[in-house]
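Residue numbers (our numbering): 130 to 287.
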């Protein structure tokens, strides 16, 4: 037996030792994130390599391919983020900043906004109002208002 054949057999043995755990982890994944197309392609290549080398069986290969495919089909929808809210941020100096935020409800819209660095950079926030739909309508009352004492991440400078 030459060195290349021996190395190949050792590599296959090492892969077989870990393949059961890898199969369990891969099967527990519901879908691949649509935000990572390069990672999905890399994963597709790894799965193909494992199939060609005989490290995984055909059933596992098909299951993993189905998981990758289901991740791609869900790429257009984001559960819980189908509705857009208009959020108006008011400062002590009379400036107003507006944002369109996808969220589940008005409170979630504000909390989604607090995660953005653009919101965190606004100094001296007095209040936040959340309106239904994208864009402000002059006759629409806010769905939810947050006063200074209710604010989260008031600013990076405070």
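Just so you know, even glycine gets a beta-carbon here, dropped at the ideal spot from N, CA and C.
- Per the C-alpha coordinates, the member of 198, 229, 219, 223 positioned closest to residue 211 is 229.
- DSSP places residue 181 within a helical segment (H, G or I) once states are collapsed to three.
- Residue burial annotation: residue 257 is buried, with at least 16 other C-beta atoms found within 10 angstroms of its C-beta.
- By the 16-neighbour rule on beta-carbons within 10 angstroms, residue 241 is buried.
- In the structure shown, the three-state DSSP call for residue 138 is helix.
- Taken atom to atom, the span from the alpha-carbon of residue 264 to that of residue 213 is near 9 angstroms.
- Taken through DSSP and simplified to helix, strand or coil, residue 224 comes out as coil.
- Here residue 242 carries a helix assignment [DSSP, helix/strand/coil].
- Between residue 253 and residue 246, the alpha-carbon positions lie close to 15 angstroms from each other.
- Just measuring C-alpha positions, the residue of 171, 239, 184 sitting nearest residue 227 is 239.
- Note on geometry: alpha-carbon atoms of residue 225 and residue 251 lie some 10 angstroms from one another.
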